[in-house]
Structures are given as structure tokens and as C-alpha cells.
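Notes follow the structure.
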Amino acid sequence: METTGVEFFERLMPKRIKKVLLVASLYDSFLFADDEMLSEVLFEHNMTNREHFNITRVKNSSEAIELLKNDNYDVVISMMQSVEFDMEDFVLNIKKMRDIPVVILSFSMHDIGVLTQKTRDMVEGVFLWQGDTKIFSSIINFVEDRINFEHDLSYGVQSVLLVEDNIRFYSMYLPIIYYELIKQMHIVMSDELNISRKILRMKARPKIYLAKTYEEAWEIFDKYNNNLLGVITDVEYPILEHTDEKAGLLLTKRVKEKIVDMPVLIQSSNTDYEPVALKMGASFLNKNSPDISKQLRGFIQRYFGFGDFIFDDGNGKEIARASDLSTMIKVLKVIPDKSIFYHASRNHFSKWLLARTEFDIAYKIKPKAANEFASHEELRNYLIETMHQFMYKTQLGSILRFDRNKYSIDIPFAKIGYGSIGGKARGLAFIDYLIGKGIIRENINGINIKTPNSVVVATDVFDLFIERNNLSSFINGNYSDDEISKIFENVNLPDYALNDIAYVIDKIKGPVAVRSSSLLEDSKNYPFAGIYKTYMFANTGKVYENLKTVERIIKYIYASTFSKDAIEFRKSNPHIPDEEKMAVIIQSVVGREYVKGYYFPLISGVLQSYNFYPVHPLKNTDPVVHIAMGLGESVVSGRYFLRYSPAHPNNIHQFATVDDIIKTTQKKFMAVSLNNDMNINYDRSLSVVEKDFEDIQPSDEMKAMFSSYIFNDDKLVDHYEPQGTNLLTFFPVIKNNFLPLNEILLEISEKCVDAMGGNIELEFALNMDMKTSAIDLNILQVKHFASKINTKKINMNFDNKDLIVHSKNIVGSMYNKEIRDVVFVKKESFSNLKTLDIRREVGIVNSECKKHGCGYILIGPGRWGTSDIHLGIPIKWNDISMARVIIESLYDSFNVTPSYGTHFFHNIIAMSIPYISVIDKDDLINWNLLNSSKTIYETDYVRWVRFDEGLETVVDGSDGFIVAMRNRG
-8 METTGVEFFE RLMPKRIKKV LLVASLYDSF LFADDEMLSE VLFEHNMTNR EHFNITRVKN
52 SSEAIELLKN DNYDVVISMM QSVEFDMEDF VLNIKKMRDI PVVILSFSMH DIGVLTQKTR
112 DMVEGVFLWQ GDTKIFSSII NFVEDRINFE HDLSYGVQSV LLVEDNIRFY SMYLPIIYYE
172 LIKQMHIVMS DELNISRKIL RMKARPKIYL AKTYEEAWEI FDKYNNNLLG VITDVEYPIL
232 EHTDEKAGLL LTKRVKEKIV DMPVLIQSSN TDYEPVALKM GASFLNKNSP DISKQLRGFI
292 QRYFGFGDFI FDDGNGKEIA RASDLSTMIK VLKVIPDKSI FYHASRNHFS KWLLARTEFD
352 IAYKIKPKAA NEFASHEELR NYLIETMHQF MYKTQLGSIL RFDRNKYSID IPFAKIGYGS
412 IGGKARGLAF IDYLIGKGII RENINGINIK TPNSVVVATD VFDLFIERNN LSSFINGNYS
472 DDEISKIFEN VNLPDYALND IAYVIDKIKG PVAVRSSSLL EDSKNYPFAG IYKTYMFANT
532 GKVYENLKTV ERIIKYIYAS TFSKDAIEFR KSNPHIPDEE KMAVIIQSVV GREYVKGYYF
592 PLISGVLQSY NFYPVHPLKN TDPVVHIAMG LGESVVSGRY FLRYSPAHPN NIHQFATVDD
652 IIKTTQKKFM AVSLNNDMNI NYDRSLSVVE KDFEDIQPSD EMKAMFSSYI FNDDKLVDHY
712 EPQGTNLLTF FPVIKNNFLP LNEILLEISE KCVDAMGGNI ELEFALNMDM KTSAIDLNIL
772 QVKHFASKIN TKKINMNFDN KDLIVHSKNI VGSMYNKEIR DVVFVKKESF SNLKTLDIRR
832 EVGIVNSECK KHGCGYILIG PGRWGTSDIH LGIPIKWNDI SMARVIIESL YDSFNVTPSY
892 GTHFFHNIIA MSIPYISVID KDDLINWNLL NSSKTIYETD YVRWVRFDEG LETVVDGSDG
952 FIVAMRNRG
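Under this note's numbering, the first residue of the sequence shown is numbered -8, with each subsequent residue one higher.
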């Protein structure tokens, strides 16, 4: 039977997934699609014809049930967070109505843990979203493989047996394996121009079978071993319904007894099994390895025939490799006889071809045993001749989505490379999608709503950069940030990416922003905000000079992936280190030259749809914004901003009195200097400068944001006075509606919250030109906002004499009786001129706590994590990684507005570390009790004390209240 014609491929996969019912918020569905529509992603990572594929999304389970009553679907995929009643009832109702596969997907293992065994038995799979955008297509592939497995293998299609009952690991493994399969299909289809034949050919790709018990795994192996490329197995899983610590070893033993050369990968967190695996002729993978996905891909490429064909000398030593048929034929002509016989006798050549769906050639080679040939030379000639039939089925190179012949600066979004665009870029793409669909209006009351036109250098460029320059050792290496940046600075980006980047930079007129966009950045549960780098430069040099600047910046952003802060932050959450990859966004800086020589937006700001600190009449649900004039760095770094709610523009508590206004209004702004272009180092963009309003002549647009203080009348007037005391209040906009900013922000907040299925944070920048009346509001970033906290009521009837800390300004929830340690900045020696020294000493104490495994309560003045050394302690995450509660306090005359809205603030909230502000007259810190406690470690500015018993630490998010007290048993 011919196994490569159209008729053969048409017989495969008779059961197709053509209609998907997706139960998820709009943003959740967008996550899986990365930067493309779901149907397009599924076309790329699945076998389904885009013309016949349909996804229907509903936002909750009630809507899903109503649709299923009247319409047929091939599969239901439901986010756990979108089911408003019991998941078991939901699945049971579906199964009663229709016999279709149901798959559950969740962002949290905690949520998965509440699923009943009955629910798990009824569904086709339970999966965990861990940041890989390919999980959705992997689920579709998984379901189609399961329902077509027996049929397709009867036609000779190959398969991979994965034995794993741990949801987290198989949710990670399946996208990796499917990605390798699809990558191999691209090789097969590289010279296939007919789209229909491409789709048909993809139907013959190897299938994956996921088994979760020993009996299931052995049944599949025993029945289909001739169709198996290999086995990947855990060690511990059930045998006869009871977990067996060595089930995987027993399975491997039986597999090797039946087919000695069957590739087997044993994976376990117990490294004691490694020598056992090697002795059995299997490979071993440490589940705790920082580069687990890289090792898994390496095993697949080496043993399943998906990567280069590696010629072995018969003793495990590589002597040559072939990436395509042309190279293989060349190698076959010169390789030693021993190597050819070694591979032929183990069916390695046919396995390599089968993985490429070249069944005719593979089945021609496979039945011919190596010892049937009269000589090794005859075997060599046979292989060379046969493989000529596959001569042109090779990969000719990557196809870049960015096309210089078609690119225009007016294109909203373009991508260099074929990898992921990362979290930050995904947020931008999502906003583009909402505007394009009319969900967010393109023009609201005369103001244009848009995103800055962007080009993204995708993650595959990062992968190639790391691989070609042998930089993988930095994944978990012990290098300083300075060492890493210098090493990265002295190696090269791929030429193909540089050529495209040069074209983009040449087209951009004006300052350029280059921003990080990693896979985990702005993720739903673990936002990496503020951890990675963003740079701006004036872009006023020659094209070659500008390109060298951008290249250096991109390498600095890549280097920040391996910084101390990034590594420590990754260690603090369930993601393994090598899951992180970096994309880079290149875009014009949003702004104008309002002041000669300086480029900046008129208003920049951050909007949060959830208010952690509502002061009457504000509620938690009233969005809050932080705005400033100039670049947004002043807001997100906590330098200076005005905080208010657009729902209550007349209630600005920061400006309670005229004295407050005079004292706290913005006195400086940040801008890109157009005269300071090439000064970029790892730590910062020296092109970004800070200017005093007193030193510049403001434009008419800037003047429209000011109020003026009239001394004689002791009052403010909401306009600019040339000879007056002018204060940047934004009152003409906020209170007098000179621009409809409040209305716009409320509308955008409502639309984004609904589309993303939860609270959001959004960065924006506004420009205005009074001469043309053009006003643009650019949305720079949108992400989920960590607002869900445990609101369990806790008994707080404590004796005041036992209180150590008491505040009603809190974020988060906690009940803990184990913390005994408190680290605090000493009040008597604190000086805001010594904050860099204090940061160093806090880091030293944190390192000592880490050595002893001591979590602690951290207390200090002003803003933790600020980039302004005069407003608090400019620590990084690495400096306080053992802190379990963080408290910012007023220290006598050091009176600083709390750190609402800083990147650092939101990261620790996302990691469930309570954040406390001791700022009101009713708040307290019992300094006498702290100073009289046992000192464990002390420096000039920092003291670490320990209590004899655990402190009863109570943080109740619903009441806004914290108590830390001595444990009275």
C-alpha cells in the first residue's frame, strides 16, 4: 500500500476537532493565542484546516450549558475559574446532554486540588497553565490523538508513550513534545506549496499517548511497540491502584526485555535512580534540573529522530551528525563501517524517517536487517541510494514574519522571528485586538485611543543568541549582574535579526524605547514587572550608530534574564528557571518635544481597576490612577505622581489642604534628552534625564495642566499665571474636564476588566497638540492585577500591650504563628542620605537569614524598592528574598507618601507577601519592645531580633488590619 499519496493521508484522523466550546474570559483565551487568533495558532500547531475550524467562547458555565442544549461541539475546554458552580455538576450536566470530551484547564494547582476523583474520571484531561502559550493547541492535539490513536497506528503512524500522573509535569511535557513534532513537520512541508497537502501531511505526524498507570502503559506498549518511537516515564505512579515507588523501573525493565533498543527516558526528582536507569540502558532526567525542558528536547531530538541524526561509534561517542538528507548522504560516504552497521542494526535510520512521515522510504529500509547485506559497503550503498528519494525534504531555514519589502512604520504590530512575543507584547496585542473589534472605542470624545506601533523580536532570537554564544551556563550560574552584562555585551546577535532591526530603526523618526517582554512578564499569577530592563534613547545618530545602540540594549535586556533579581524571583515561585525566555519590543517613545531638546508625554500614568487603599467615599471597586507629567518611569518607580480616582475626581486626599498641594505637587519631570544619545549602560539609559520645572519654559500644552497659588488670597486658581507660583495639580483636566480623561479611563478600565476576566493594571501616555487639536491616548501596557486576597475573618481581640505592629493600611492576608524574627532599619541611626548603605546592610542580613532558613518581618522607612534613594530604601528582590511580611513606616520627620503602584509592590502582592503601611495616627510600631528583644545580628543601620516564641501574625485583608504579637500559647 502506498503510504505517501493523498489518498493515504486522507484516511488518517477520521475524527476531527472542528468545533470547540471554550469556557473562559476573553483575556484567558487570548493568552493561549499569544499574538495570533486561536484558530490561526491551532492551524500552525495542529492539523486542522483553518476554514473549517471554529471556536465559540463563553465566559461562564451557565452560558456553556445553554449553548450545548441546542448545538453540537467536538470538545469543551473549561477554565476552572470560569465555572461559577461545582465543577463536578458542570461536567456531569455536559455528559448527560452529549458524549463529548471535556478538558479542564487551570492557572493554579490549588484549584485543581479541589477536584473530586469522580470529576477527574469523567473528563478527558486536567491541565495546568504554566505560561506556555502552546498549552491550548497541545490540548487539542492530545484529544485528537486519543480519539484517533488506534485507527492511525493501524496505518503505520508512529507514536510516543508518555507515562506521567503528575499534572504539573505532563502539562509542561506535552507542549514541548508537540512543539518538536510540529517543528519536524515544517521540515517535511518546507517545499510543499499546496496548502491542502500540507494539512494532509501533518495528519501523519507521530501521536502522543499519555498513560497514568503501569497497567495502561504496558497495555499500550505491548500492543503498539512496532509503532513506538520511544517511552518517557516517571518512576512513581500507580500499579493496581496503589502508588508504587518503582513502577517506572519495572516498566523500563519489561520494555527493554522485549525491545532492547527502544529509547526510554526515566525522569524523577530522585537522582539515586540515575545509575539504575543507565544500567538498564535508559536515559535519565532530573525533574529538579534548571534546564529540564532543554534536556527533554535533547532526548527527543537524539533518540526519536526529530533532530539531527547523530552518528555514534558504537560506544556512545559522537563522531558526526547530519541535520538533513544532503548532509547525511555526505556523511554516509565517509563514516566508518562500524558506525553504519551499529545504527542500521538498531533501525535508527528508519526511525528518523518515520518521524518525518516518510513512510515509503522508512518501510523500505526497516525490513532490511543489517546482517542481510553481503558487506558493510553494500549496506552503505543501499542507504545512500534509498535516501536520495528524500533528498529535498529538508529544512531550508526559518520563515520570518517580518518582511522588509512590506513593512511600514504605520503597521501596528510586526514580529521578527517565529517564537513567542512574551507577556508585555501580548498585552499590547490584546489591546490592539480590543480596539480593532470595537470593544474599546477608537475615539472617545475626540481623543484617539491607540497603542504605539511596535516590532517584537521574538523569543527564538533569544534562544539562538544563547545557544550560539554558549551562554546557557548563566541560567543558574553564580555571576554578578555586572559580569553577565559585560559578557553579553561582547557577543553577537543573529545576523538575520540585526538586518531586520536595522531596517526598523531607520524607519523610526524620533526617540526609541526598547522594552523587555519575557514569557513570564505580566503573567496572570506571577508578574515579573520591574525585574527586567527597559531603555530609551534619542535615536539622533547615524543609522549604524543607532543600530549598535539598539543591539547593546537588546543584549542588556537578555542579560537581565539572568540577573540576581530575576533568578531569586523565579526561585520564589513554582516556575522552573529555564522556562523563562525573552522577547524584546522596539517602538517609538510616546511623546513630543514640548520643551526644546527634551521629549516626553504630556501625561503618563498607571490605572488600577482595584483600589487597595480606599478612603471614604472611595470603594475598593473604584479605579485609581497615578499620573505625572513626563515619562512614566516617574510613576512606576515611585518618584512622584498624583493619586486619585477618576470616579471621584473631587476627592483628592493627597491634596487635602493648600499646604499639602504646595508640598507634594510634582516639581520635576523625566524626559529623553535629544542631546545625549549614545550613553547607555546596563544600569540605566543615560538619555533619560530629570528636569526641574523651574529650569524650563513650559509649552502651552504643559501650562494647561497647572494651577497657580495666589498668596494674597491664599487660594488656588486652576490656570497658569506667568508671574505666579504655578503648581502641577492637573486640576484643569481632573476637576474642570479640560480633557475628558476621567471618562476615558473609566470606560477603558471597565472594558479591560470585562475582557480579561479580572482586575487589571494599565499604563498609558497622553499627547496633545494645541495647534492641530490632535489628542492621542496611547495604551502602553495592560496586565492582570493581583487583587484577590484571602478575606477569611480572624479573631483580633488582642491585648494592646502585646501589640508589636498595628495598622489599617494593608494589602494581603495571613495567619502565621511561626515567624520569630524581625529585621528593621534602626530609627535612631536612619538617614535618607545613607539609603544605599542601608540597602547593602539589609542584603547582608537577608543573606544570613537565608543561610539559617529564617523568614522574617521587615520594617523600614519610606518606600521599599524605590528607585529614588531619597524616598526610601532602593532594595531589589534579592536583598529581601526571605521577608514574609513587609512594612513601610514613617520615621519621625521622614514623611513620604506610601508606595502605591510601584512594580515592586505588585510583585510581592502576587507572591502573597502582605505589605503594610504604618502611616496613620492610629497605627503603631512598638519600638521599645523591638529594641529590647534579643539581637541576632546588627550593623550600623539594621538590626535583626528574635523572639523566644513565634509571633502570632495576623493580616486580615477584609478589615485592613495587621497584628503581630507574642505567642501566648
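Here a beta-carbon is modelled for each residue, glycine too, at the ideal position from N, C-alpha and C.
Paired residues, beta bridge with residue i - DSSP
i    : result
A619 : S595
S508 : A574
I438 : I435
F275 : I257
P852 : S880
H233 : I230
G104 : Partner(s): none; G104 has no beta bridge.
D812 : Y847 and R937
K774 : E752
Inter-residue spacing [alpha-carbon to alpha-carbon] between residue i and residue j
i    : j    : result
K562 : S280 : 13 Å
G629 : R830 : 17 Å
V67  : V94  : 6 Å
E227 : M193 : 34 Å
D947 : E752 : 23 Å
R432 : E741 : 12 Å
I8   : K587 : 60 Å
V148 : M805 : 54 Å
H607 : G844 : 42 Å
I907 : Y589 : 38 Å
I687 : G582 : 17 Å
L768 : Y631 : 21 Å
L455 : K125 : 19 Å
P592 : K539 : 26 Å
F553 : I283 : 17 Å
F722 : V616 : 14 Å
Y494 : N530 : 13 Å
Cβ separation of residue i and residue j, assumed to be a contact under 8 Å, to the nearest whole Å
i    : j    : result
V251 : T243 : That pair is no contact at about 12 Å.
V154 : G239 : 7 Å
Own chain residues within Cβ distance below 8 Å of residue i, not counting five before or after
i    : result
K51  : The residue asked about is misnamed: residue 51 is Asn in this sequence, not Lys. Hits under 8 Å: V14, S73, V74 and E75.
N436 : P731, E734 and I735
N602 : L609, K610, N611, T612, D613, P614, V615 and S636
Limits of the unbroken alpha helix (DSSP H) element including residue i
i    : result
N61  : S52 to N61
Q292 : I283 to Y294
F81  : M78 to M88
V134 : I126 to L144
T826 : T826 to H843
R937 : Unbroken run through R937 is the beta strand (DSSP E), V933 to R937; no alpha helix (DSSP H).
Y424 : G413 to G427
D328 : D328 to A335
Cβ neighbours of residue i in the same chain (closer than 6 Å, five flanking residues each side left out)
i    : result
I138 : K6
K546 : F479 and E480
I766 : I438 and M759
I576 : A416, S445, V447, R506 and S508
Contact set for residue i: own chain, Cβ-Cβ below 7 Å, skip 5 residues either direction
i    : result
L920 : I795
R293 : I301
V744 : S600, N750 and I751
W343 : G296 and F300
N727 : D709
K817 : Y932, V933 and R934
Distance cut-off 6 Å: residue i Cβ against heavy atoms of the ligand SAH
i    : result
H607 : The ligand SAH is not among the ligands present in this structure, which contains no ligands whatsoever.
Bounding residues of the beta strand (DSSP E) (the contiguous stretch that carries residue i)
i    : result
A202 : K198 to A202
L609 : Where L609 is concerned, there is no enclosing beta strand (DSSP E), given that its DSSP letter is neither H nor E.
I927 : K925 to E929
P229 : Y228 to I230
A311 : E309 to A313
Residue-level contact to chain D via CB, residue i, 7 Å cutoff
i    : result
D883 : In the displayed structure, chain D is absent; only one protein chain is listed.
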